[in-house]
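Colleague: Below are the structure tokens for one structure; questions will follow.
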Ligand SMILES: Cc1cc2nc3c(=O)[nH]c(=O)nc-3n(C[C@H](O)[C@H](O)[C@H](O)COP(=O)(O)OP(=O)(O)OC[C@H]3O[C@@H](n4cnc5c(N)ncnc54)[C@H](O)[C@@H]3O)c2cc1C
């Protein structure tokens with residue numbers, strides 16, 4: 001075996017051919033991850049699955065419990081259970097306006113959910129037992145010294161292209177709630193700055209998360225959205241007493257208007273791993289961080305994640321429509337949902353391949369979509 005291969009083996013714990021850690025002083029920080037939220041912990045836990053790393057890994061996070069304030073939902077196939085690790089899965093989901101409802105039953109895809117605490121516990125179990133990974137409770141605002149720096153700090157809403165504002169209320173009912181389908185986008189309606197809908201997520205027989213959400217050009221009032229949750233709960237479950245367990249609220253990016261400066265390679269929402277049109281990021285973050293970790297360990301190389309151009313293009317059309325003609329969105333979304341099978345709709349929400357994007361072209365109502373493509377919003 002060559003000296004190079006021997007060094008690679010010492011660094012990676014296997015005999016994979018590659019650049020390994022040649023040139024790295026084992027006492028210096030090899031990887032510094034700024035931010036220990038979903039992407040920071042995903043990257044660190046993927047690295048932690050390698051017994052021997054080329055050098056120390058540091059994660060800087062000022063508020064380690066912050067992740068417990070979130071619930072993550074995502075689509076998955078049965079084969080992906082072990083990787084994406086949902087606590088609950090659902091086969092039924094629906095999209096509705098005030099007048100019409102489309103119900104889907106997934107065959108290949110399910111809608112999975114796990115709490116931020118579940119993610120945190122899983123990641124911590126592998127990270128904290130790795131002798132080369134160190135977690136530091138601190139905020140970092142200047143580039144740290146390391147061979148590879150990853151930056152996952154959240155970006156301020158003033159840079160968002162469009163905003164997803166939402167307030168969620170998780171409740172425990174006295175009796176089973178009998179919600180049989182996830183309400184992905186229920187009662188979609190146009191507002192003067194975008195669209196609003198209610199998201200309904202059953203979390204077991206007696207628990208549910210109710211979340212009023214806006215896709216909007218200006219920050220929505222989160223306390224107003226919270227009071228819509230209260231009204232909804234008292235109206236829809238007037239005979240089933242409930243207790244509030246937890247609330248969550250945020251403004252999350254739907255694309256960025258300007259490029260922020262990063263302390264290293266951007267990951268997570270900052271690194272374009274959340275979808276512009278939906279705000280979903282869990283699935284992409286898990287897979288992209290696993291790929292980054294593999295490349296680091298095998299090739300001592302760090303590459304930035306780039307979403308596919310077709311997805312970016314389709315999302316831009318959608319965001320322009322929300323911006324210019326929010327009144328057209330409820331019908332467009334409902335038509336797309338009605339014309340697609342459940343699995344096609346799930347694939348459209350994930351947009352993993354160009355064919356998922358092109359299927360929208362077949363399913364979207366022709367006139368508003370064509371007008372949006374040529375930028376003639378006034379013709380819709
Ligand atoms: C409430 C909520 C619910 C969501 N639900 C879903 C969902 O259901 N499905 C889905 O796919 N996506 C969801 N998302 C979108 C996305 O997946 C999450 O925002 C995800 O957490 C993004 O990961 P991240 O690592 O980019 O950011 P975060 O998880 O927010 O991590 C960033 C970390 O950086 C830390 N930090 C901040 N400043 C500094 C500093 N100066 N130095 C060091 N660290 C710093 C923060 O404390 C934070 O922990 C949700 C987002 C929110 C806010």
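In this note's numbering, the protein residues as written are 1 to 380. Note that beta-carbon positions come from the ideal geometry of N, C-alpha and C, so glycine has one too.
One question on the structure: do residue 86 and residue 113 come within less than 8 Å of each other, judged by their Cβ atoms?
Modeller: Yes, the pair counts as a contact, with Cβ atoms nearer than the cut-off.
Colleague: Taking 7 Å as the cut-off, does the CB of residue 283 come closer than this to any heavy atom belonging to ligand 1?
Modeller: Yes - ligand 1 has a heavy atom lying nearer than 7 Å to the Cβ of residue 283.
Colleague: Ligand 1 and residue 141: does any heavy atom of the ligand fall closer than 7 Å to the residue's C-beta?
Modeller: Yes, Cβ of residue 141 sits closer than 7 Å to a heavy atom of ligand 1.
Colleague: Is it buried or exposed for residue 276, if we count other Cβ within 10 angstroms and need 16 for buried?
Modeller: Counting Cβ neighbours within 10 Å, residue 276 comes out buried, since at least 16 surround it.
Colleague: Is the CB-CB distance between residue 256 and residue 212 below 8 Å?
Modeller: No.
Colleague: In terms of residue numbering, what span does the beta strand (DSSP E) encompassing residue 190 cover?
Modeller: Segment 182 to 191, the beta strand (DSSP E) holding residue 190.
Colleague: Write down the C-beta distance between residue 268 and residue 152 rounded to the nearest angstrom, noting that I regard them as a contact closer than 8 Å.
Modeller: Right, their Cβ atoms sit about 4 Å apart.
Colleague: Can you list, in chain order, the residues of its chain with a C-beta nearer than 6 Å to that of residue 135? Leave out the 5 residues immediately preceding and following it.
Modeller: Closer than 6 Å at the Cβ level, and outside the excluded window around residue 135, lie 59.
Colleague: Tell me whether residue 151 sits in a helix, a strand or coil according to DSSP, three-state version.
Modeller: If DSSP states are grouped into helix, strand and coil, residue 151 belongs with the strands.
Colleague: Might you give, ordered along the chain, the residues of its own chain that have their beta carbon closer than 8 Å to the beta carbon of residue 319, omitting 5 neighbours on each side?
Modeller: Here the set comprises 161, 162, 254, 255, 276, 277.
Colleague: Can you name, in chain order, every residue of its own chain whose Cβ lies under 7 Å from the Cβ of residue 192, other than the five neighbours on each side?
Modeller: For residue 192, where only same-chain residues beyond five positions count, there are no Cβ hits under 7 Å.
Colleague: Could you check whether residue 201 and residue 115 sit closer than 8 Å to each other, using their CB atoms as the reference points?
Modeller: No, the pair does not count as a contact, with Cβ atoms beyond the cut-off.
Colleague: Does the CB of residue 267 have a neighbour CB from chain B at under 8 Å?
Modeller: In the structure shown, chain B cannot be found, because there is only a single protein chain.
Colleague: How many angstroms separate the CA atom of residue 83 from the CA atom of residue 35?
Modeller: About 22 Å.
Colleague: Taking the DSSP output, what are the residues bridged to residue 74?
Modeller: Paired residue(s): 112.
Colleague: Taking 8 Å as the threshold (C-beta atoms), are residue 56 and residue 139 in contact?
Modeller: Cβ distance not < 8 Å, so residue 139 and residue 56 don't count as in contact.
Colleague: Just curious, the alpha helix (DSSP H) that residue 246 is in, first and last residue?
Modeller: Careful: residue 246 lies outside any alpha helix (DSSP H), inside the beta strand (DSSP E) at 242 to 256.
Colleague: If I follow the unbroken alpha helix (DSSP H) through residue 361, where does it start and stop?
Modeller: 354 to 363 is the extent of the alpha helix (DSSP H) around residue 361.
Colleague: Which residues in the same chain have their Cβ closer than 8 Å to the Cβ of residue 335, if we skip the five residues on either side of it in sequence?
Modeller: For residue 335, where only same-chain residues beyond five positions count, the Cβ hits under 8 Å are 363, 364, 365.
Colleague: Can you find a heavy atom of ligand 1 that lies under 7 Å from the Cβ of residue 87?
Modeller: The answer is no for residue 87.
Colleague: Count Cβ pairs between the stretch 330 to 344 and the stretch 92 to 107 that sit closer than 8 Å; are there 3 or more?
Modeller: The stretch 330 to 344 is in contact with the stretch 92 to 107.
Colleague: Inspect the beta-carbon positions of residue 215 and residue 164 and report whether they are closer than 8 Å.
Modeller: The answer is yes: Cβ separation under 8 Å.
Colleague: Residue 326 to residue 188, Cα distance in whole Å?
Modeller: C-alpha separation (whole angstroms): 11 Å.
Colleague: Mark residue 50 as exposed unless 16 or more other C-beta atoms lie within 10 angstroms of its C-beta, in which case mark it buried.
Modeller: With 16 or more Cβ atoms within 10 Å of its Cβ, residue 50 is classed as buried.
Colleague: Taking residue 172 and residue 245 to be in contact with their CB atoms under 8 Å, please state how far apart those CB atoms are, rounded to whole angstroms.
Modeller: Confirmed, Cβ separation roughly 5 Å.
Colleague: State the DSSP-derived secondary structure class of residue 375, mapped to helix, strand or coil.
Modeller: DSSP places residue 375 in coil when its eight states are reduced to three.
Colleague: Pull up the distance between the alpha-carbon of residue 296 and that of residue 117, whole angstroms please.
Modeller: For residue 296 and residue 117, the distance between alpha carbons rounds to 27 Å.
Colleague: Looking at the secondary structure, which residues open and close the beta strand (DSSP E) in which residue 136 lies?
Modeller: Note, residue 136: beta strand (DSSP E), 133 to 136.
Colleague: Starting from residue 202, follow its DSSP beta bridges and name the residues at the other end.
Modeller: Answer is 208.
Colleague: Short of 6 Å in beta carbon distance, which residues of its chain neighbour residue 315, apart from the five on each side in sequence? Order them along the chain.
Modeller: Same-chain partners within the cutoff: 276, 277.
Colleague: Do residue 107 and residue 343 have their C-beta atoms within less than 8 Å of each other?
Modeller: Taking 8 Å as the Cβ cut-off, residue 107 and residue 343 qualify as a contacting pair.
Colleague: Can you tell me which of the three DSSP states residue 286 falls into?
Modeller: Residue state, collapsed to three classes: helix.
Colleague: Quick one: Cα of residue 12 to Cα of residue 345, how far?
Modeller: Low confidence applies here, because residue 12 scores a pLDDT of 32, under 50, leaving its location unreliable and the question unanswered by this model.
Colleague: Going by alpha carbons, who is nearest to residue 338 out of 93, 38, 48?
Modeller: Checked all of 93, 38, 48; the closest Cα to residue 338 is 93.
Colleague: Which two residues bound the contiguous alpha helix (DSSP H) that contains residue 165?
Modeller: Segment 160 to 173 is the beta strand (DSSP E) holding residue 165; no alpha helix (DSSP H) there.
Colleague: For the putative contact between residue 260 and residue 273, defined by C-beta atoms under 8 Å, what is the C-beta separation to the nearest angstrom?
Modeller: Contact doesn't hold; Cβ gap of about 14 Å is too wide.
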